[in-house]
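As structure tokens, then:
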């Protein structure tokens, strides 16, 4: 290697700028030292702009350094992330760059070293930095490297591509090149030392940490390193400052590049919209354009004092903690949560919030509410992201169509928005894996639960939540698998001091306690709290003291009595519409309860257990009440098995027909006759109001959720038909197949619900049929009662034995799901103990498929193509939308959106054994929304129905959605 005059050196080794770090798409290779400096500069800006004062103080304190020393040192670490690129396997990736180095006698390596493709550069960073930090005087751990500060930092930096390597052994570090020939011989090691020392000199990072970082702070630093690398790696940022061909890496040149990188960093961070939102409004009236109800008012009056906003509180000067709100549907929990989030956010110095919901539909519906809240109550950087698997499509439907293009991988087209008022995220945040970095987010719960599964970049998701208020809606809606993952996530958030708000309409006391105590456990308080929730009511658990307030009961502005009518029915849903009606059957019962609706007007919801039964019920009601069905809006059907655009249209129609009355429309009168037949999709977060709710038997919690759609809003003395009065005594009709002689759970339901819970619910409903259910006063008792171990004591003989057997099966299944979640998930923060690889470790046999947070979801996705009479194939049955051809770069944004809007979910069993060539054409590209999509070529069979054969299934689509024979 030539010894260049004035070049930076470490001992006898001169900084060699032939070592390239970036090359693809650039006019010439970019020296690795430049990329290291760029990344360190961006990290410093992120430290200043993104981290809170509390987080900076926590990192500084953990390292035993001043805040300025910590800022410089950790930025230096970020710069070192790619030092593993100074290895034969990486440099050999670009032959033209490698040939001069390969012929240099300074760079000797073992035969075949450059072909060690599995020895990736981030692994090399981990291995080489362990030795470099030790030589720099970082505290060691003897033979236990997990206790070594230098090794912890090296392992952290080795995880910048989303996975952490295992803890090294002392002998491996001492003889690294022998264990990994891909590191090269001494010349390569010397060049890594030269880069290490030159970066250290240029950045002034001579401080040495006294201690390592606890798990939560290690996640924060890892996240910042990843983001720094991504921002500094943008092609536009590199091209603007790429050195000339004569640049040789002298100290003066390195210093000049460092100063230029520091100057450019604020622009990169600002353009990415990675700043902090501020919870600026303090009063409820400044956040919402209405007077608070009893629940909201009680939180507004008492929570600020608990978190120390107005003097000393439960958590002292800076309050972080968890708020649990339990109240019926329609009692304003969303606004209560947003107010609580604002209080906790100010007290904890949070930079934003994430609102998690159970489904894509509920997330879509929540987005405008959070958007409106942010516009009224927040200031600063208010980039807002919608996060679920089809969120890019929702963004495409907004004002700026370019957002859809920006959401595609590797596209960085900016959106046009005023910086002062925009609350929708710009293009950079729409890139892959970046959404949780936005200050504000609304999305599905699985987007964040994947943070506690050993998936690539799970720590980036944890980092995205670490400094936000985390709001979980419908906390009761998750099975044992997802509940266990939520428990683990709350442990991590407790450890990182992130505030949490949990909302539920029907949460058992046992479940509430497990969630609250998980958060406290993460914060360092292991003793159980014995949580007893109030309904309606709320409580606060401090993350600083571990204290849990006594749950506060609140009055309800909507106290009422739910009248329960339990109808014993023979299950005859399989009988064809129009055939004679069996006495005592479900079809007869529906005719009886819906007759007043058809004759006198008003609205009714009929909630079915399965999509197939909803479709058949719709046909049967249509045959039973032809005049009702003939009237526009008289009969509707809503379930999940429609194409996305059709379902969205039906949902919007339902919200218009059955939503909250608007005072702008004058006097409220009774609505004309209308019936909605639906599945469980109406249970959560859809603000619908019906004069009557009819439901198949289900678990008590779900029935109460559905009943919450009955007479939900005040419509006044003339707003409902005479048969639906009084308004404060809504009626729930439950069609119960268990109460007929020899009755049992219908086979068509499969395993949708646990049979034991259905038996328990049926017995409780029998007791409630006389006096009704006091809402909200009697709800919590019933929700807890249905799970009581002593419930079986009410029965005798065979009934007792059967329920006991069903209970054993349910408890065993729940235990298995909890065990699987514990087995597949990452460890608790307290168990990391210096080994970050535990966050990436998967047990043998654990696959990406198994790690799906929707355990057991056997689903497929289909796109129907319609074969017209002239042989052409279109995306719509009317023949007006041609199938896009695609191209070398795949589908364009508009075509991609047009396809995705027509995708429908179906059971996976429908698609087994189908034509393997039924996937998308190669020219459509590889966008994530096209992954595993199956195309169904439909042919018309009359009466608006289209049909195709796929494997063993005959699949059809019509006005009732997709069906299979």
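In our numbering, the protein residues as written are 20 to 984.
Every residue, glycine too, gets a C-beta built ideally from N, C-alpha and C.
Here the structure is a predicted model, which means the values were calculated and not measured.
Handout entry: Distance, residue 285 Cα to residue 135 Cα
Key = 38 Å
Handout entry: Residues bridged to residue 626 (per DSSP)
Key = Beta-bridge pairing by DSSP links residue 626 to 697 and 714.
Problem - Proximity below 7 Å, CB of residue 592 to CB of residue 632 - result: yes
Practice task
Count the other C-beta atoms from every protein chain shown that fall within 10 angstroms of the C-beta of residue 385, then say buried if there are 16 or more, exposed otherwise.
Solution key: buried
Exercise for the section: Could you check which residue in 54, 196, 278 and 578 has the C-alpha nearest to that of residue 150? Expected result: 196
Handout entry: Cβ separation of residue 83 and residue 220, assumed to be a contact under 8 Å, to the nearest whole Å
Key = Rounded, the Cβ-Cβ distance is 23 Å, inconsistent with contact.
Exercise for the section: Kindly indicate if chain D contains any beta-carbon less than 7 Å away from that of residue 960. Expected result: Judged by its chain identifiers, the structure shown contains no chain D, having just a single protein chain.
Exercise for the section: Could you round the C-beta distance between residue 255 and residue 58 to whole angstroms and report it? I think they count as a contact, below 8 Å. Expected result: Incorrect: roughly 16 Å between the Cβ atoms, too far for contact.
Practice task
Please look up how many angstroms separate the CB atoms of residue 748 and residue 582, rounded, as I've assumed it's under 8 Å.
Solution key: 5 Å
Practice task
State the start and end residues of the unbroken beta strand (DSSP E) segment that holds residue 298.
Solution key: 296-298
Exercise for the section: Please name the residue, chosen from 138, 190, 159 and 212, that lies closest to residue 184 on a Cα-to-Cα basis. Expected result: The candidate whose alpha carbon is nearest that of residue 184 is 138.
Exercise for the section: Using the DSSP secondary-structure output, state which residues sit across from residue 497 in a beta bridge. Expected result: Looking at the DSSP assignment, residue 497 forms no beta bridge with any residue, so it has no partner.
Practice task
Closer than 7 Å by C-beta to residue 111: which residues in its own chain qualify, once you throw out the five before and the five after it? Chain order, please.
Solution key: Within the same chain, Cβ atoms closer than 7 Å to the Cβ of residue 111 are found at 117 and 133, the five residues on either side in sequence being excluded.
Problem - Cβ distance (whole Å) where residue 224 is taken to contact residue 92 below 8 Å - result: Confirmed, about 5 Å.
Exercise for the section: Evaluate residue 939 with the Cβ neighbour count: other Cβ atoms within 10 Å of its Cβ, from every protein chain shown; 16 or more gives buried, anything less gives exposed. Expected result: buried
Practice task
To the nearest angstrom, report how far apart residue 164 and residue 280 are at their CA atoms.
Solution key: In this structure, the CA atom of residue 164 is about 34 Å from the CA atom of residue 280.
Problem - Best match in 588, 238 and 283 for proximity to residue 258 [C-alpha to C-alpha] - result: 283
Exercise for the section: If I'm right that residue 369 touches residue 487 with Cβ under 8 Å, what's the distance once you round it to whole angstroms? Expected result: With a contact defined as Cβ atoms closer than 8 Å, residue 369 and residue 487 qualify at about 6 Å.
Handout entry: DSSP bridge partner residues for residue 557 (one or two, in chain order)
Key = 344 and 571
Handout entry: Within 7 Å, strictly: CB atoms of residue 540 and residue 560
Key = no
Exercise for the section: With residue 1014 as the anchor, note down where its beta strand (DSSP E) starts and where it stops. Expected result: What is shown of the chain runs 20 to 984, which leaves residue 1014 out entirely.
Exercise for the section: Pull up the DSSP beta-bridge partners for residue 901, would you. Expected result: 893
Problem - DSSP three-state assignment for residue 152, whether helix, strand or coil - result: Residue 152: helix per DSSP, three-state reduction.
Exercise for the section: Name the residue from 482, 569 and 789 whose alpha carbon lies nearest to the alpha carbon of residue 74. Expected result: 482
Handout entry: Span separating the alpha-carbon of residue 227 from that of residue 86
Key = Between residue 227 and residue 86, the C-alpha separation is close to 13 Å.
Exercise for the section: Let me know the beta strand (DSSP E) ranges lying completely inside the region 730-798, each 3 residues or longer, listed in chain order. Expected result: 750-755 and 792-794
Exercise for the section: Given a cut-off of 7 Å, decide if residue 46 and residue 39 are closer than it, judged by their beta-carbon atoms. Expected result: no
Handout entry: Coarse secondary structure for residue 946, derived from DSSP in three states
Key = coil
Handout entry: Straight-line gap, residue 809 to residue 312 (C-alpha atoms, nearest Å)
Key = 37 Å
Handout entry: Per-residue burial, residue 297 [other beta carbons within 10 Å of its own, 16 or more giving buried]
Key = buried
Practice task
Note the first and the last residue of the continuous alpha helix (DSSP H) segment covering residue 666.
Solution key: Annotation: the continuous alpha helix (DSSP H) that includes residue 666 extends over 663-677.
Exercise for the section: Give me the Cα-Cα distance between residue 526 and residue 771, rounded to the nearest whole angstrom. Expected result: 20 Å
Exercise for the section: Kindly give me the distance between the Cβ atoms of residue 120 and residue 42, rounded to whole angstroms, as I take these residues to be in contact under 8 Å. Expected result: That belief does not hold up - the Cβ atoms of residue 120 and residue 42 are roughly 14 Å apart, past 8 Å.
Handout entry: Residue burial classification, residue 960 (beta-carbon count within 10 angstroms, cutoff 16)
Key = exposed
Problem - Cα-Cα separation, residue 682 to residue 80 - result: 56 Å
Problem - Sequence-distant residues of the same chain with beta carbon closer than 6 Å to residue 363, five excluded per side - result: 488 and 518
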